[in-house]
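Going by my numbering, the letters in the sequence shown line up with residues 32 to 614, in that order. Where a beta carbon is used, it is the ideal one built from N, C-alpha and C, also for glycine. For reference, the structure is listed below as structure tokens.
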Amino acid sequence: MLINNRDLNKLCGILLAKSIIDLYPNVLIGSLQIGDDINNEIGYTYSFDLDERLNNTTFQKIIKAMKKNIDRAYEIKYEKLSKSEALNLFKNNKYKLELIESCEQNEIEIIKFGNDYIDLCEQLSITKLSVIKIIDLLNVSGVYWNHSSKNKQLQAITGVAFETQELYDLYKSEIKDKEERDHRYINKNMDLFFVSDDMAGPGLPFWLPNGAAIKYVIDDFVHKLLVRNGYQYVQTPVLGKKELYETSGHWFHYRENMFAPCQIDNDIEVLRPMTCPHHLVVYMYKPRSYRELPFRVFEDAILHRYESSGSLIGIERVRQMRLIDTHIVCALDQIKDAVGRAYKVINEAAAAFGLPPQWVDLSLHDSNNKEKFFEGEETWNLAENLLRNLLNEMGIKYKEEIGEAAFYGPKIDMQIKTALGHVITAYTIQLDFLLPEKFKLEYIDQEGKKQRPVLVHASVIGTVERFMSILLENNKGIFPFWLAPIQVEIITINNDAHGSKANEMKEILLENEIRVHVDNRDERLSKKVRDAQLAHTPFLIVIGDKESQSNDVSYRRYGQEETIVANVNEFIALLKQENTPKK
32 MLINNRDLNK LCGILLAKSI IDLYPNVLIG SLQIGDDINN EIGYTYSFDL DERLNNTTFQ
92 KIIKAMKKNI DRAYEIKYEK LSKSEALNLF KNNKYKLELI ESCEQNEIEI IKFGNDYIDL
152 CEQLSITKLS VIKIIDLLNV SGVYWNHSSK NKQLQAITGV AFETQELYDL YKSEIKDKEE
212 RDHRYINKNM DLFFVSDDMA GPGLPFWLPN GAAIKYVIDD FVHKLLVRNG YQYVQTPVLG
272 KKELYETSGH WFHYRENMFA PCQIDNDIEV LRPMTCPHHL VVYMYKPRSY RELPFRVFED
332 AILHRYESSG SLIGIERVRQ MRLIDTHIVC ALDQIKDAVG RAYKVINEAA AAFGLPPQWV
392 DLSLHDSNNK EKFFEGEETW NLAENLLRNL LNEMGIKYKE EIGEAAFYGP KIDMQIKTAL
452 GHVITAYTIQ LDFLLPEKFK LEYIDQEGKK QRPVLVHASV IGTVERFMSI LLENNKGIFP
512 FWLAPIQVEI ITINNDAHGS KANEMKEILL ENEIRVHVDN RDERLSKKVR DAQLAHTPFL
572 IVIGDKESQS NDVSYRRYGQ EETIVANVNE FIALLKQENT PKK
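Have a look at this one:
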């Protein structure tokens, strides 16, 4: 019978703490986190206040101490204490005291290893340490106590435990797959982007030709999709006055994520973190009639958001990003159609890229949080019920998340869990009654009266950077032909003898709008082929003596061993057929 994995890892985390105390008697034990609190979804992380720096080289010593404690065959006991008894028991550990004080229950549960070690722990399904057969310590990192930079930074060890070798081997296989799906790992073979901390700074990616090529294709697809659905393209400044964001409310609700303002002449300007205030300025450019509604605009917007250095992850989380952002200004009776159409556009894009949302959240406000959300319970209820009813009518399953709305309105958040276990809002639709009020938006209705419109925010693919990271991790960098950065790799066996034919073929492919690269390096043929395979190039053409004298093409598809010979025109026709997104 398999042991509950969560219980097993919790017990092993407590065993780790006991062993750390054995090795470092002056240590103060912090808190233990299990499961979803760490990326691999199983395992544990325990924090320690210890002057001596732990590292991978000390892991074997710690594991040895853990195994020695298992061999001691402690009797595991579980007890319940009153809060005052627990406070007295842990009086010499300020971290445990804080945990006990924050506990709402008056009864505190503890675990005992015989009479030798005591820790905070609820009753587990395990009564003996010997069920822990496999121990692995993964890493040590710095963490602020209680996740606040105002507190002391502790050391945290992350580890895993298993009761059989087979389960451990399965875990290692899954970890290897996750490592291979990490978009930073994939980038090493595909040369898509890099970050220069020295010359530009963290979170500011440089896009290489291959990465920029994918971004261009994504842009082109989304632009055409939006235009087909009635959106108009606009461009607005990357800067905005402080007054603009004070009017929108972002200055008060989003300030910590905005870059520091700069003085330009007599104005205080800010790098924009979002486009909605700018698009409302476009709407306000002239008086609007009901005939112009819904007013749909989109933009390739360069945004800047200040993210802490510790939260930056490749291109998944950056400080400069590009958002193909859309906004719809509409009348109250047009909301249902506007949101429904936006959902349809998002679904079409998600299907084309092979990234359908895994679940949908209806993000609602928290009426008790007056600081985060604007006041106006009646307006919130109206907006939330509109989205709730629409999702129900469309037959879309969703779960409600209290407190996850934007400060200005509720959201339909379409979520994806990445290969690394990060939950990302890939697509979103937000309903907003607040900003039209703040900016005093108006339109003239059929009777010549001024009316207040409603704003719908819709993000078709989110930021391009984050979307790229999801794409890479979802398909391990193996793109469909239409989306691949290099669609055809031409390899010469001997560049002096075959270079002319390779360049001739390259020109033919370029004329037919096929992204092509010629590998004319002075390398072995086997290495060139292997590099093309590592880059996941869909088609590979090798040119030798025979191909130089022929009008035929010898090509091989990615992942296949068979070499196919075809006429150049037939080959071009095949590529053109594959160069369109699948609907």
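Just to confirm my understanding: we take ASN269, look at its own chain, exclude 5 residues before and 5 after, and list those with CB closer than 7 Å. What are they? Reading off the sequence shown, one finds Val at residue 269, where the question assumed Asn. Correct list, in chain order: LEU302, ARG303, ILE333.
Tell me the DSSP bridge mates of ASP167? VAL191
Taking C-beta to C-beta, are TRP238 and PHE252 nearer than 9 Å? no
Selection from GLU409, PHE384, GLN389 that minimises the alpha carbon distance to HIS396: GLU409
So what does DSSP say about ASN400, is it helix, strand or coil? coil
Using three-state DSSP, classify LYS428 as helix, strand or coil. coil
Using the C-alpha atoms, what's the distance from ILE545 back to GLN64? 51 Å
When burial is assigned at 16 or more other CB atoms within 10 Å of the CB, is ASN40 buried or exposed? buried
From LYS607 to LEU256, what does the alpha carbon distance come to, in whole angstroms? 20 Å
Can you round the beta-carbon distance between MET315 and LEU472 to whole angstroms, since I take them to be within the 8 Å contact cut? 7 Å
Outcome for PHE283 when other beta-carbon atoms lying within 10 angstroms are tallied against a minimum of 16: exposed
Since MET352 and THR523 are thought to touch, with beta carbons under 8 Å apart, how far apart are those beta carbons, to the nearest angstrom? That pair is no contact at about 39 Å.
Just tell me which of LYS159, SER204, ILE93, ILE149 has its CA closest to the CA of LEU168. ILE93
Where PRO236 falls: helix, strand or coil (DSSP): strand
For my contact list, ASP476 and TYR321 are in at a C-beta cut-off of 8 Å; report their separation, rounded to the angstrom. 5 Å
Indicate whether the contact test is met: 3 or more Cβ pairs, each with one atom in the segment 595-603 and one in the segment 496-507, closer than 8 Å. no
State buried or exposed for TRP411, treating a residue as buried only when at least 16 other CB atoms are found within 10 Å of its CB. buried
Are LEU118 and GLU132 touching if we call contact CB-CB under 9 Å? yes
Own chain partners of GLU402 with C-beta closer than 7 Å, once the 5 adjacent residues on each side are dropped: none
Enclosing beta strand (DSSP E) for GLY493 [first to last residue]: 485-494
Just to confirm the assignment: which complete alpha helix (DSSP H) runs, minimum length 4, are found wholly within the segment 546-581? 556-565, 576-579
Nearest residue (CA-CA) to ALA187, options VAL171, SER179, PRO56, VAL226: VAL171
If you drop the 5 nearest sequence neighbours on each side, which residues of the same chain put their C-beta closer than 7 Å to that of PHE512? GLN518, PRO569, GLU609, ASN610
Assign SER78 to buried or exposed, taking buried as 16 or more other Cβ atoms, counted over all protein chains shown, within 10 Å of its Cβ. buried
By Cβ distance, which residues of its chain are closer than 7 Å to THR158, with the 5 residues on each side in sequence left out? ILE107
Please confirm if the segment 353-370 is in contact with the segment 336-343, defined as three or more CB-CB distances below 8 Å between the two stretches. no
With distances taken Cα to Cα, identify the nearest neighbour of TYR199 among SER579, ASP583, ASN36. ASN36
Are the segment 448-461 and the segment 280-299 in contact at 8 Å, needing three or more beta carbon pairs? no
Complete alpha helix (DSSP H) runs within the segment 53-110 (minimum length 4 residues, chain order): 90-102
In chain order, what residues of the same chain lie with their CB nearer than 7 Å to the CB of LYS273, ignoring the 5 residues before and after it? TRP282, PRO292, ILE299, VAL301
Kindly give me the distance between the Cβ atoms of GLU520 and LEU571, rounded to whole angstroms, as I take these residues to be in contact under 8 Å. 5 Å
I'd like to know whether the C-beta atoms of VAL485 and PHE464 end up nearer to each other than 9 Å. yes
Relative to the C-alpha of LEU418, which residue among ILE460, ALA563, GLU287 is closest? ILE460
Using DSSP with H/G/I as helix, E/B as strand and the rest coil, what is LYS207? helix
Using the C-alpha atoms, what's the distance from GLN446 back to LYS430? 11 Å
What residue from LYS442, GLU211, ALA457, GLY242 has the CA that sits closest to ALA382's CA? ALA457
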